[in-house]
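> Residues in the sequence shown are numbered from 0 upward in steps of one, following numbering that gives the first Met the number 0. Please see the structure below; I have some questions.
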Amino acid sequence: MKTTPVSEAVVSPVRLGWLPIGALGILALALGALQSVVEPALPMLQRELGVSPAEGALIGNALLVTGAVIAPVAGKLGDRYGGKRVLVRLMAVVSAGGLMAALAPNLPVLLLGQVLQGVMVGALPLSFILVRKHLTAGESQAAIGLVVALFTGGSMVGVLLAGPIAEGLSWQWMFALPTIAIIATTSVVARLVPHDPPIRSDGGIDWPGTVLLSGMLLAFMLGLVMVTGGDGVPPLAVGAIAVVVAALATGWVVVERRAASPMVDLRMLAKPAMWNACVLTLIITAGSGMVLFLLPQLFAVSADGYGFGADTTDIGLFLLPGAVAGAVSDSVGGVAARRFGPRAVVLVGAVVTASTMIALASLHTAEWQLVLAKVLTAFAAGVGTTALLAGTATTVEAKDVGIATGLLVVTRVIGVALGVQVAGAILDAGAEPVTGRPTESAFVTGFAVAGLVAALPLLVVRFTRRGVRA
């Protein structure tokens, strides 16, 4: 029979064949491509839209902020209402965002499109829900590995093809083509993947906490842009933003402490292993976020000065080795954490990243120097954050693994967004008055600051060790 009664599906879920799994994997590939096209094309987008580096940093950060909000609730939504049902609806939002970005006439519309695209962060956990419900444990591991690998591969495809698409067609097609693929693949997923029964839960979705957290993050990013934009924002306006952020943060804490099923269990943050991992993750990702923004900008600076005059295609090729290193680091981080311990991995990564950035502040006259710096920092950051994630998952109780890893995922997103925005502000502050182009000294300052940020884990680890001994 082609149709299965709901009651029967609950008892004996329909098994997934390789065609539905392949459809989920191709969807992950398209999502990875859409998510990554901005990185190599950011200098071009700034020129086309006539915006400053600090404003351009918002293009990538808008997606990250939405992802930070969606990450902790996507799994809960999938469990409560069914993974397939939620996945299809989220993909409708992502598709709307991709089409909006493809048709954007200005920065505000493009930012709104990026905000909508940010819900793609929920696609992976929802895919995992579907796989777990319809396959055995061993088959699930293989299917999850395939989906994750294709998402990572999609990120590389996006970095590599953003330039040829933008230069051969237009920058709008960078968003349009992956979005078309997402729409087509989602329709295949809706047809091939069987419905999964929702899991009954006594606790509801913490919508007040979700709204307060999203408002706090958006207000924080707006305040950061106002403070670092260099446009002479009145102190009163900055103070008002700070008050709003503080009020939203206070309200969020109050709501989370009283919620029967909180979005984030704040008791987790009181555990030394948890807050230590969060602090280290925030620092590491802030430093990597600065590198993520600074290198494409330097590649794009005109070659008649200190830059290289690279177009979007060249920038994508230069960044590709770093993307590969970042993908490899995800698999290495867990193994390294198990063998040497998360702290040792973080310390080595901090030394590598800090040394690389300090060296790059002095040596940035050849493309290979920047490519090597991207590879080293991407690998070090990936290994460090994955080691912290794996270490935390094995330290906390089994019932708290989902909460703990969700907190670290949110922290990673916030750290990258913070680093990108700070780097954009540094370039803005060091721009030439006439041309608006960042000076070489601005990049030197940016690399030096990134190196100092990357070295902070050395102090954090030393301080926490003293605290434990005391």
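In this text, a Cβ means the ideal position worked out from N, Cα and C, and glycines have one as well.
Compute the beta-carbon to beta-carbon distance between Ile-314 and Ala-299, rounded to the nearest angstrom, for a pair I have assumed lies under 8 Å.
Residue 314 sits at position 315 when you count from the first residue of the sequence shown. Residue 299 sits at position 300 when you count from the first residue of the sequence shown. Correct: roughly 6 Å between the Cβ atoms.
> Give me the residue from Ser-328, Pro-193, Lys-83 with the minimum Cα distance to Val-345.
Indexing the sequence shown from 1 puts residue 345 at position 346. Cα-wise, what sits closest to Val-345 is Ser-328.
> Looking at the strands, I want to know which residues DSSP matches up with Val-437.
In the sequence shown, residue 437 corresponds to position 438, counting from 1. Sequence inspection shows Pro at residue 437; the Val mentioned does not correspond to that position. Looking at the DSSP assignment, Pro-437 forms a beta bridge with Ala-430.
> Can you tell me whether DSSP reads Thr-65 as helix, strand or coil?
Mapped onto the sequence shown, residue 65 falls at position 66. Looking at Thr-65 - three-state DSSP - the assignment turns out to be helix.
> Should the region 365-381 be called in touch with the region 279-295, which here means at least 3 C-beta pairs below 8 Å?
The region 365-381 vs the region 279-295: in contact.
> If we call anything under 8 Å between Cβ atoms a contact, is Pro-456 one with Ile-282?
Taking the first residue of the sequence shown as 1, we reach residue 456 at position 457. Taking the first residue of the sequence shown as 1, we reach residue 282 at position 283. Yes, the pair counts as a contact, with Cβ atoms nearer than the cut-off.
> Helix, strand or coil: how does DSSP classify Pro-39 here?
Numbered from 1 along the sequence shown, position 40 holds the residue referred to as residue 39. When DSSP states are grouped into helix, strand and coil, Pro-39 belongs to the helix group.
> Output needed for Ser-440: all residues of its chain with C-beta closer than 7 Å, excluding positions within five of it in sequence on either side, in chain order.
Taking the sequence shown and counting its residues from 1, one reaches residue 440 at position 441. Excluding positions up to five away in sequence, the list reads Gly-429.
> Taking the Cβ atom as the reference point for each residue, do Leu-318 and Val-158 lie within a distance shorter than 8 Å?
Taking the first residue of the sequence shown as 1, we reach residue 318 at position 319. Taking the first residue of the sequence shown as 1, we reach residue 158 at position 159. Yes, the pair counts as a contact, with Cβ atoms nearer than the cut-off.
> Is the distance from the Cβ of Gly-117 to the Cβ of Thr-65 below 8 Å?
Position 118 of the sequence shown, counting from 1, holds the residue named residue 117. Position 66 of the sequence shown, counting from 1, holds the residue named residue 65. For Gly-117 and Thr-65, yes; Cβs fall inside 8 Å.
> Could you tell me the distance, in whole angstroms, from the CA atom of Ala-449 to the CA atom of Ala-422?
Position 450 of the sequence shown, counted from the start, is the residue given in the question as residue 449. Position 423 of the sequence shown, counted from the start, is the residue given in the question as residue 422. Taking the straight line from one Cα to the other gives about 8 Å.
> Report the CB separation of Val-419 from Ala-61 in whole angstroms; it is logged as a contact under 8 Å.
Along the sequence shown, one-based indexing puts residue 419 at 420. Along the sequence shown, one-based indexing puts residue 61 at 62. The Cβ separation is near 11 Å, so there is no contact.
> Taking Val-85 as the reference, which of Val-412, Ile-357, Leu-129 has the closest Cα?
As a first step, residue 85 is located in the sequence shown; it is residue number 86 there, counting from the start. When Val-412, Ile-357, Leu-129 are compared, the shortest CA-CA separation from Val-85 is found for Leu-129.
> Where does Asp-310 sit, in a helix, a strand or coil, going by DSSP?
Taking the sequence shown and counting its residues from 1, the one referred to as residue 310 is at position 311. In this structure, Asp-310 counts as coil in the three-state DSSP scheme.
> Secondary structure at Lys-75, three-state DSSP: helix, strand or coil?
The residue you call residue 75 lines up with position 76 of the sequence shown. The answer is helix: DSSP assigns Lys-75 an H, G or I state.
> Starting from the Cα of Thr-178, find the closest Cα among Leu-359, Val-72, Phe-219, Met-90 and give me that residue.
Here residue 178 refers to the residue found at position 179 when the sequence shown is read from its first residue. Nearest option by C-alpha distance: Met-90.
> Within a Cβ cutoff of 7 Å, which residues of the same chain sit near Ala-29, ignoring the five residues on either side of it in sequence?
For the purposes of this step, residue 29 is taken as the residue at position 30 of the sequence shown. Excluding positions up to five away in sequence, the list reads Gly-153, Pro-177, Ala-180, Ile-181, Thr-184.
> When the Cα atoms are used, what is the spatial distance from Ala-239 to Ala-246?
For the purposes of this step, residue 239 is taken as the residue at position 240 of the sequence shown. For the purposes of this step, residue 246 is taken as the residue at position 247 of the sequence shown. The straight-line gap from Cα to Cα measures roughly 10 Å.
> Assign Trp-251 to one of two classes, buried (16 or more other C-beta atoms within 10 Å of its C-beta) or exposed (fewer than that).
Residue mapping note: residue 251 aligns to position 252 of the sequence shown, counting from 1. Buried is the call here.
> With a threshold of 16 other CB atoms inside 10 Å of the CB of Arg-461, please say whether the residue is buried or exposed.
Reading the sequence shown from its first residue, position 462 is the one you call residue 461. Result: exposed.
> Within 10 angstroms of the Cβ of Arg-256, are there 16 or more other Cβ atoms? Answer buried if so, exposed if not.
On the sequence shown, position 257 is the one that residue 256 refers to. Arg-256 should be labelled exposed.
> Using the Cβ count rule (16 or more neighbours within 10 Å means buried), how would you classify Thr-311?
Here residue 311 is taken as the residue at index 312 of the sequence shown, counted from 1. Under this definition Thr-311 is a buried residue.
> Between the Cα of Leu-48 and the Cα atoms of Pro-437, Leu-102, Leu-33, which residue gives the shortest distance?
The residue you call residue 48 lines up with position 49 of the sequence shown. Nearest of Pro-437, Leu-102, Leu-33 to Leu-48, Cα basis: Leu-102.
> Which residue marks the beginning of the alpha helix (DSSP H) containing Leu-265, and which one marks its end?
As a working note, residue 265 is residue 266 in the sequence shown. Neither: Leu-265 is in no alpha helix (DSSP H) and is coded neither H nor E.
> Mind checking whether Val-409 and Ala-67 have CB atoms under 8 Å apart?
Indexing the sequence shown from 1 puts residue 409 at position 410. Indexing the sequence shown from 1 puts residue 67 at position 68. Cβ distance < 8 Å, so Val-409 and Ala-67 count as in contact.
> Measuring only the C-alpha atoms, how far is Arg-79 from Pro-234?
The sequence position of residue 79 within the sequence shown is 80, counting from 1. The sequence position of residue 234 within the sequence shown is 235, counting from 1. Approximately 45 Å between the Cα atoms of the pair.
> Rounded to whole angstroms, what is the Cα-Cα separation between Ala-236 and Ala-453?
For the purposes of this step, residue 236 is taken as residue 237 along the sequence shown, with counting starting at 1. For the purposes of this step, residue 453 is taken as residue 454 along the sequence shown, with counting starting at 1. One alpha carbon belongs to Ala-236, the other to Ala-453, and they sit about 31 Å apart.
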